[in-house]
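Asks: Just passing along the structure, written as C-alpha cells.
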Amino acid sequence: MSSTPYATRIERFRSAMLGAGIDAMFLTYGPDFYYVTGIEKPVSYDVGRAEGDWITGLLVPQEGQPTFILKQSWLKEFEDGLAFEVRILKDDEDPDTFLARNLRDLGLDGKTIAVNKVLWGQTLLSLQAALPGARVVPLTDEFVDRVREIKDPQEIALLEEAARITDDTFGAVVRQMQLGMLDRDLVIEIDYQFKKHGGDEFSFMPTVVLDGHGKRYARQWNDREIPQPITAGMTVAFDMGVVYKGYCSDFGRSVFMGEARKEPLAAWRSITRIIQATMTKMGAGKITPSEVHDFVVEHVTEDGFRDEFSWYALGHAIGLNVHENPWMLPKFNEPIQAGMCIALEPKIGKLGQFYVGCEDVITVENDCARSLTRFPYDPIVIE
Numbered sequence: 002m003s004s005t006p007y008a009t010r011i012e013r014f015r016s017a018m019l020g021a022g023i024d025a026m027f028l029t030y031g032p033d034f035y036y037v038t039g040i041e042k043p044v045s046y047d048v049g050r051a052e053g054d055w056i057t058g059l060l061v062p063q064e065g066q067p068t069f070i071l072k073q074s075w076l077k078e079f080e081d082g083l084a085f086e087v088r089i090l091k092d093d094e095d096p097d098t099f100l101a102r103n104l105r106d107l108g109l110d111g112k113t114i115a116v117n118k119v120l121w122g123q124t125l126l127s128l129q130a131a132l133p134g135a136r137v138v139p140l141t142d143e144f145v146d147r148v149r150e151i152k153d154p155q156e157i158a159l160l161e162e163a164a165r166i167t168d169d170t171f172g173a174v175v176r177q178m179q180l181g182m183l184d185r186d187l188v189i190e191i192d193y194q195f196k197k198h199g200g201d202e203f204s205f206m207p208t209v210v211l212d213g214h215g216k217r218y219a220r221q222w223n224d225r226e227i228p229q230p231i232t233a234g235m236t237v238a239f240d241m242g243v244v245y246k247g248y249c250s251d252f253g254r255s256v257f258m259g260e261a262r263k264e265p266l267a268a269w270r271s272i273t274r275i276i277q278a279t280m281t282k283m284g285a286g287k288i289t290p291s292e293v294h295d296f297v298v299e300h301v302t303e304d305g306f307r308d309e310f311s312w313y314a315l316g317h318a319i320g321l322n323v324h325e326n327p328w329m330l331p332k333f334n335e336p337i338q339a340g341m342c343i344a345l346e347p348k349i350g351k352l353g354q355f356y357v358g359c360e361d362v363i364t365v366e367n368d369c370a371r372s373l374t375r376f377p378y379d380p381i382v383i384e
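Each number in the numbering used here corresponds to the 1-based position in the sequence shown with 1 added.
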C-alpha cells in the first residue's frame, strides 16, 4: 500500500494484532472497516438482502497485502482508488464456496482470525466453514479503541466539522423555542435541523431532559407518551450528536425557561467553568482520566454541588464511535496523549427542581486541550 493515512492505520492494527496473537482480521462494513479503507457502508447494504452480501469484507493478514472480498454487483461503488487486492464474487458463484477458496489460498486455516464485535451470524458461519481449523476471536472494544485512540489530522478535521454542524443545529433549535411548546415538537426540531445542517445521521438518539415543577423526565422524538408543554420555571438539558463522514459529535447545553433562577444558574456556571479549567490541565502526558475525574469532583465540591453532581458521566473518548475508551473514570490510569479526542460532560441536578448539563468535544494537544465545540456558554433564557 502507498503511504496514506489508511496504510498507517493498518500498520497500527497490525502492531496490536502481533501483541494479541492475531494472525488476520476479517472486517465487515462498520467503524473499523471505514478506519482502514475510508469506504462507507453502502446505503442498501442492510436492506438489500443480496445473495452473497454476508461474505463481503476486508481480510487484513499480519503480513502481506490486504484482500477485499466483494460481490460483483457492488464493485462500481468502489472501483476507483482501491489500495487492496480485490477478489470478486461473480453472480453465478456460490458465496460460501468462493469465500472458502480465497481464505484457504491465503493459508489461514489453523490460524487465529479476529472479527468485528458486531457481525452477521451468517458471516461467522461461513468463516467457520471455510476455516474449520481456525480460531475465531472478537475484536473487543478495548482492543480497537486502543488502536484508534490517537486521531490523525484528517480525523480531527472531520470531528471538528461534526462539532460545527452540531453547534449550528443547536443554535437553530434554540431560535425555534418558546414557552408552551410541546416537548415532542422540540425533539422533532432537533431531527430536522440536524438534517438541514448537513448531518449524515444521529450518533445517538437526541434527548432532552426536562426538570421542574416537581418532576424530571427525558424526551426523544420517537416516544409514545402524550406530549407535554414546556413551561416557565423548567430547565431543558440537551444531549445530542451527529455523524459526519463516519465521525461523531456529542454535545450538551441547557436552556432556562422563563428565567434563570439562582441555583440552576449557579450550577450552570459551575459546570462551564469546570470544563474550561479541566482543559487547561489536559496536555499530552500531563494527566490521567482518573485524575480528570478527581479534578472535576474537587471543583464541583468547592462550588457546593457535590451531592447534586452526576458522578458517572464525566466524559469519554470519541471518534468513529460516540463512546470510546478511555472514560474519565477512576479505573483509567494511563496519561492522556496528544491526538486523543474526548467529550467532557459534567451535569448537576436536583430532582424535580432543575437539571443542567454541558458537553464539549475537545482534542488533546501538547500543552492543553482545544475545544472542537464552539457554541458559547452564555446562559440561554426563553422568555
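Just so you know, even glycine gets a beta-carbon here, dropped at the ideal spot from N, CA and C.
Owing to the predicted nature of the structure, the values given are computational and were not obtained by experimental measurement.
1. Which residue wins for smallest C-alpha separation from Asp54, given the options Thr232, Asp92, Gly39, Ala17?
2. Under the DSSP definition of a beta bridge, which residues are partnered with Ile231?
3. When the Cα atoms are used, what is the spatial distance from Gln129 to Gly22?
4. Beta-carbon within less than 7 Å of Gln63's beta-carbon, same chain only, minus the 5 sequence neighbours each way: which residues are those?
5. With DSSP collapsed to three states, give me the class of Glu94.
6. Look at the Cβ atom of Ile380, then the Cβ atom of Ala261, and state whether they are nearer than 7 Å.
7. Candidates Gly108, Pro154, Arg149: which alpha carbon is nearest Ala135's?
8. I need the straight-line Cα distance from Thr170 to His198, nearest angstrom please.
9. In the DSSP assignment, find the beta strand (DSSP E) that holds Arg217 and state where it starts and stops.
10. DSSP three-state label for Ile40, please.
11. Could you tell me which uninterrupted beta strand (DSSP E) segments, each at least 3 residues in length, are contained entirely in the segment 120-154, listed from first to last along the chain?
12. Which two residues bound the contiguous beta strand (DSSP E) that contains Lys348?
13. Can you tell me which of the three DSSP states Ser372 falls into?
14. So what does DSSP say about His317, is it helix, strand or coil?
15. Given this structure, state the Cα-to-Cα distance separating Ala51 from Asp97, to the nearest angstrom.
16. Provide the residue span of the beta strand (DSSP E) that contains Met241, from first to last.
17. Report yes or no: do the segment 268-286 and the segment 358-365 share at least 3 C-beta pairs separated by less than 8 Å?
Replies: On the basis of the data shown:
1. It is Asp92.
2. Looking at the DSSP assignment, Ile231 forms no beta bridge with any residue, so it has no partner.
3. The alpha-carbon atoms of Gln129 and Gly22 are separated by roughly 19 Å.
4. Result list for Gln63: Arg15, Met18, Leu19, Asp24, Ala25, in chain order.
5. Three-state result, Glu94: coil.
6. At residue 380 the sequence reads Pro, which differs from the Ile that was named. The Cβ-Cβ distance between Pro380 and Ala261 falls below 7 Å.
7. Answer by Cα proximity: Gly108.
8. Within the model, the alpha-carbon separation for Thr170 versus His198 is close to 6 Å.
9. 216-220 is the span of the beta strand (DSSP E), which, as asked, contains Arg217.
10. Taken through DSSP and simplified to helix, strand or coil, Ile40 comes out as coil.
11. Counting only runs of 3 or more, we get 136-140.
12. It spans 348-351 - the beta strand (DSSP E) in which Lys348 sits, taken as one unbroken run.
13. In the displayed model, Ser372 falls within a strand according to three-state DSSP.
14. Reduced to three states, the DSSP call for His317 is strand.
15. If I take the Cα positions, the gap works out to 14 Å.
16. Met241 -> beta strand (DSSP E) spans 236-241.
17. When C-beta atoms of the segment 268-286 are compared with those of the segment 358-365, three or more pairs fall below 8 Å, so the two segments count as touching.
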